[in-house]
Amino acid sequence: MFVVLLKFSDNKSNAGQLMEGHNKWVKRGIDDGVFLLVGSLQPKMGGGILAHNASLQDLKKEGE
Numbered sequence: 088m089f090v091v092l093l094k095f096s097d098n099k100s101n102a103g104q105l106m107e108g109h110n111k112w113v114k115r116g117i118d119d120g121v122f123l124l125v126g127s128l129q130p131k132m133g134g135g136i137l138a139h140n141a142s143l144q145d146l147k148k149e150g151e
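First residue of the sequence shown? That's 88 in the numbering used here, and the numbers climb one at a time after it.
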């Protein structure tokens, strides 16, 4: 089991343009049974994911 912390990069102003793809990625993780819990850490600061049923290598590959 892993706790994945997501943090906005320096180009945070582009986040709105990328949100649709991000939401599809989150939905796929939930549908595949890898993401158990997904949510915001602080408003507009990033998020967190509780993941299982995957190796650390698989999680890193998905995040690229």
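Beta carbons are placed, not taken as given, at the ideal position from N, Cα and C, and that holds for glycine. All values derive from a computational prediction rather than experimental measurement.
According to the Cβ coordinates, are valine 113 and histidine 139 closer than 8 Å?
-> Within the sequence shown, residue 113 is the residue found at index 26, counting from 1. Within the sequence shown, residue 139 is the residue found at index 52, counting from 1. No, the Cβ-Cβ distance between valine 113 and histidine 139 is not below 8 Å.
Would you call the CB atoms of glycine 126 and glycine 116 closer than 8 Å?
-> Locating residue 126 in the sequence shown gives position 39, counting from the first residue. Locating residue 116 in the sequence shown gives position 29, counting from the first residue. No, Cβ-Cβ distance for glycine 126 and glycine 116 is not below 8 Å.
Check whether methionine 90 and leucine 137 have beta carbons under 8 Å apart | Looking up residue 90 in the sequence shown gives position 3. Looking up residue 137 in the sequence shown gives position 50. Methionine is not the amino acid found at residue 90; the sequence shown has valine there. Going by C-beta atoms, valine 90 is nearer than 8 Å to leucine 137.
Can you tell which of Ser142, Met88 and Met132 has its C-alpha closest to the C-alpha of alanine 102?
-> On the sequence shown, residue 102 is found 15 positions in, with the first residue counted as 1. With distances taken between Cα atoms, alanine 102 lies closest to Met132.
Could you spell out where the alpha helix (DSSP H) holding valine 113 opens and where it closes?
-> Locating residue 113 in the sequence shown gives position 26, where the first residue counts as 1. First-last of the alpha helix (DSSP H) with valine 113: 102-118.
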